[in-house]
Amino acid sequence: MGFETLVVSKEGALGCISLNRPEAMNALNAKLVTELIVALDEFEKDDGVRCVVISGSERAFSAGADIKEMADMTAIQMAMTGHFFPLWDKVGRYPKPVVAALSGFVLGGGLELAMSCDVLIASETTQLGQPEIDIGVMPGGGGTQRLTRAVGKYKAMEMILTGKRIGAEEAKALGLVSRVVPKEAYLSEAKKVGNEIATRSPVAIRLAKMAVNKAFEMGLKDALDFERELFYLLFASEDKTEGMKAFMAKRRPEFKGK
Ligand code: CO8
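When we follow my numbering, the leftmost residue of the sequence shown carries the number 196, and every step to the right adds one.
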């Protein structure tokens, strides 16, 4: 289907989604959020897509929720509009791996969207922040929780209470992005990582992603039990048989996601 605020394409096993509101620094308005959910849904159902890459432009991944759209909204309208919550649920619980290709501004809801992804590749120009405090609100899309889990209480407090942005290298040192690359290479590098993931067993990838995410939801003992159950489960997959046979035969495995 055609999208107004996104450019969506399939490149081999990659589902590529590029946010496309250049006039507003890819601010997340109702239209974009709704379209993003539809695009993610389509890639979720498509067995040919093994990994999704979400990018913005070189100038901005996204400058956050659309302030012009929110400016006159009341608390009740904000709560009832409700398009944001399905987005955070969709990305936060997405079964396939998602790589975020970051460049330029990654702010507010834009950072919250990025933090809901799995691998974050950042161009050296990337600036990340939760500036909601500057417009009299606070993060509402998971920022207070995901940023705190990623960088710890004190840096998260500094960023959220002052609204100050940090650069890509600092974000990498804090563990907030996976890797920093030159600005010409951020999208190709994100796709390269996406393709590396896409050649692995989709079953193992899916369960490994579930297990890592449980680190944020469960205590250690339960999470280790959960990990072990998923590990046993993978021994029932054809991909496990193929992967181990291919290793012994010194050839590349061909994973089918079964
Ligand atoms: N919303 C709407 N329009 C925006 C936004 C935005 N978030 N960011 C930029 N724009 C627009 C500007 O208004 C401008 O439009 P115009 O040309 O019509 O005036 C255009 O994009 C270009 O922006 P600037 O001229 O400001 O460009 P600069 O390079 O000078 O500055 C910045 C770029 C630093 C990104 C600056 O635009 C800025 O500070 N933007 C706002 C960032 C911000 O505060 N983000 C947080 C928004 S609140 C939020 O995300 C809460 C999420 C909660 C979700 C959960 C809900 C339940």
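We put the beta carbon where it would ideally sit given N, CA and C, even for glycine.
Give every residue whose Cβ lies closer than 5 Å to any heavy atom of ligand 1, listed in chain order.
Those residues having their beta-carbon less than 5 Å away from any non-hydrogen atom of ligand 1 are, in chain order, A219, M220, A222, A258, G259, A260, D261, I262, K263, F279, F300, L302, G303, G304, P326, E327, G335, G336.
Over what stretch of residues does the beta strand (DSSP E) that includes I328 continue unbroken?
Translated into positions along the sequence shown, residue 328 becomes position 133. Per DSSP, I328 belongs to no beta strand (DSSP E) and is neither H nor E.
From A222 to K445, what does the alpha carbon distance come to, in whole angstroms?
Here residue 222 corresponds to residue number 27 of the sequence shown, with the count starting at 1. Here residue 445 corresponds to residue number 250 of the sequence shown, with the count starting at 1. The straight-line gap from Cα to Cα measures roughly 49 Å.
R401 versus P326: straight-line alpha-carbon distance, rounded:
Taking the first residue of the sequence shown as 1, we reach residue 401 at position 206. Taking the first residue of the sequence shown as 1, we reach residue 326 at position 131. Rounded to whole angstroms, R401 to P326 spans 33 Å at the Cα level.
According to DSSP, what are the bridge partners of E353?
Position 158 of the sequence shown, counting from 1, holds the residue named residue 353. BP columns for E353 are empty, so no partner.
Once DSSP output is grouped into helix, strand and coil, what is the label at L300?
Translated into the one-based positions of the sequence shown, residue 300 becomes position 105. Leu is not the amino acid found at residue 300; the sequence shown has Phe there. In the displayed model, F300 falls within a strand according to three-state DSSP.
Excluding five sequence neighbours on each side, which residues of the same chain lie with their C-beta closer than 6 Å to the C-beta of I361?
Counting from one through the sequence shown, the residue named residue 361 turns up at place 166. Excluding residues within five positions, the ones whose Cβ falls inside 6 Å are L323.
Would you list the one or two residues that DSSP bridges to L315?
If you number the sequence shown from 1, residue 315 lands on position 120. The secondary-structure analysis by DSSP pairs L315 across a beta bridge with A295.
Proximity to C312 [Cα-Cα], best of P292, V301, G331
The residue you call residue 312 lines up with position 117 of the sequence shown. Checking every option, the nearest Cα to that of C312 belongs to P292.
Determine the direct distance from the alpha carbon of V248 to that of M265, and round the result to whole angstroms.
Residue numbering aside, residue 265 sits at position 70 when the sequence shown is read from its first letter. Residue numbering aside, residue 248 sits at position 53 when the sequence shown is read from its first letter. If I take the Cα positions, the gap works out to 28 Å.
Outcome for R254 when other beta-carbon atoms lying within 10 angstroms are tallied against a minimum of 16
Position 59 of the sequence shown, counted from the start, is the residue given in the question as residue 254. Its Cβ having fewer than 16 others within 10 Å, R254 is exposed.
Where are the beta strand (DSSP E) runs, 3 residues long or more, that stay fully inside the region 339–393, in chain order?
Segments of the beta strand (DSSP E) lying fully in the region 339–393: 374–376.
Roughly how many whole angstroms lie between the Cα atoms of K378 and Y427?
Walking along the sequence shown from the start, residue 378 turns up at place 183. Walking along the sequence shown from the start, residue 427 turns up at place 232. Computed Cα separation, rounded: 42 Å.
Could you tell me the distance, in whole angstroms, from the CA atom of W283 to the CA atom of G338?
As a working note, residue 283 is residue 88 in the sequence shown. As a working note, residue 338 is residue 143 in the sequence shown. Straight-line Cα distance between these residues: approximately 11 Å.
Local Cβ density within 10 Å of D434, reported as buried at 16 or more and exposed below that:
Position 239 of the sequence shown holds residue 434. With 16 or more Cβ atoms within 10 Å of its Cβ, D434 is classed as buried.
Assuming V314 contacts S252 under a Cβ cut-off of 8 Å, what Cβ separation, rounded to an integer in Å, is found between them?
By 1-based counting over the sequence shown, the position of residue 314 is 119. By 1-based counting over the sequence shown, the position of residue 252 is 57. Contact between V314 and S252 is ruled out by a C-beta separation of about 20 Å, above the 8 Å threshold.
Please classify Y381 as buried or exposed, where buried requires at least 16 neighbouring CB atoms within 10 angstroms.
Working through the sequence shown from its first residue, we reach residue 381 at position 186. Classification for Y381: buried.
Tell me, please, which residues DSSP counts as bridged to V213.
The count along the sequence shown starts at 1 and reaches residue 213 at position 18. Before going on, a small fix: residue 213 reads as Ser here, not Val. Paired residue(s): V202, S250.
By Cβ distance, which residues of its chain are closer than 8 Å to K226, with the 5 residues on each side in sequence left out?
Here residue 226 refers to the residue found at position 31 when the sequence shown is read from its first residue. The answer, listed in chain order, is E199, T200.
When DSSP builds the beta bridges, which residues end up paired with S257?
Position 62 of the sequence shown holds residue 257. Partner(s): V301.
Any contact of the region 390–397 with the region 337–354, i.e. 3+ C-beta pairs under 8 Å?
In short, these stretches do not touch, since the Cβ pair count stays below three.
Compute the beta-carbon to beta-carbon distance between I316 and V294, rounded to the nearest angstrom, for a pair I have assumed lies under 8 Å.
Along the sequence shown, one-based indexing puts residue 316 at 121. Along the sequence shown, one-based indexing puts residue 294 at 99. Contact holds; Cβ gap of about 6 Å.
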